[in-house]
Amino acid sequence: MIKNAANWLNYLPLSIVVISAILFSNSLFAQDRKVQSKAYNAMLKTLLSHSVSEISVQQLSGQVNDVLLVDAREQKEYAVSHLNHSVWVGYDNLDLTPLSNVPKNKPIVVYCSVGYRSEKVAEKLIKQGFTNVKNLYGGIFEWKNQDKTIMNEKGETDQVHAFSKTWGVWLKKGRKSIIDSNSYLKTKRLMAKT
Numbered sequence: 000m001i002k003n004a005a006n007w008l009n010y011l012p013l014s015i016v017v018i019s020a021i022l023f024s025n026s027l028f029a030q031d032r033k034v035q036s037k038a039y040n041a042m043l044k045t046l047l048s049h050s051v052s053e054i055s056v057q058q059l060s061g062q063v064n065d066v067l068l069v070d071a072r073e074q075k076e077y078a079v080s081h082l083n084h085s086v087w088v089g090y091d092n093l094d095l096t097p098l099s100n101v102p103k104n105k106p107i108v109v110y111c112s113v114g115y116r117s118e119k120v121a122e123k124l125i126k127q128g129f130t131n132v133k134n135l136y137g138g139i140f141e142w143k144n145q146d147k148t149i150m151n152e153k154g155e156t157d158q159v160h161a162f163s164k165t166w167g168v169w170l171k172k173g174r175k176s177i178i179d180s181n182s183y184l185k186t187k188r189l190m191a192k193t
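Every letter in the sequence shown is one number past the one before it in numbering that gives the first Met the number 0, and letter 166, counting from 1, is 165.
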């Protein structure tokens, strides 16, 4: 009879212990991940300070009609596309005027391209007294990567402002658009991975 766990482990082949540890850690990582791409998730974990509550695309899609969506990107990005019924407040020239009549306890989800700028705007909203503010983890890029609907002034669109070539690598679906220094709109169609 085995008297303790340490002796019991001596009877298991090392390979079973190693495989079990790998499978267990991978399942924990998958549960912790809020975006589909492991690389994108790893980048976001280091980029963001995680100073405000975060919401995943899956979580938001189930309650999108119950929250106020706030876009923390620049106007040129918002004009290319945005989440339906979102309110634009910007980032560099942040304007919270559109939120002046919003109840302080209203559920608010702030988003940007990947989640960095929206996290900073969410922090400012909390300082302004808003009590139910979350950051969309992965931003509009992850929203589109998961085939969610985005809009522009004409209706539904497939185009997303990619911010820059560097940041645009995280946008895997839709039409990637970048407005260069000459205000020239460049668009690239992204093929869905099969």
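We put the beta carbon where it would ideally sit given N, CA and C, even for glycine.
Small disclaimer: the values here were computed from a predicted structure and weren't measured.
Around the beta carbon of Asp70, 16 or more other beta carbons sit within 10 angstroms, so the residue counts as buried. Taking C-beta atoms under 8 Å as the contact rule, Leu170 and Asn144 qualify, at a distance of about 7 Å. For Leu43, the enclosing alpha helix (DSSP H) has its first and last residue at Lys37 to Leu46. Tyr90 is not bridged by DSSP to any residue. Spanning the alpha carbons of Gln158 and Asn40 requires a straight line of approximately 23 Å.
Non-local beta-carbon contacts of Glu141 in its own chain, meaning distances under 6 Å to residues more than five positions away in sequence, involve Val34 and Val56 in chain order. Comparing alpha-carbon positions, the option among Leu68, Lys44, Cys111 and Asn131 lying closest to Pro97 turns out to be Leu68. In this structure, the straight-line span from the alpha carbon of Val132 to that of Ser163 is close to 27 Å. Scanning the stretch 71-131 from its first residue to its last, the whole alpha helix (DSSP H) runs of 4-plus residues come out as 74-79 and 115-126. In the displayed model, Ser176 falls within a strand according to three-state DSSP. Pairing Asn83 with Lys172, the inter-Cα distance amounts to about 18 Å.
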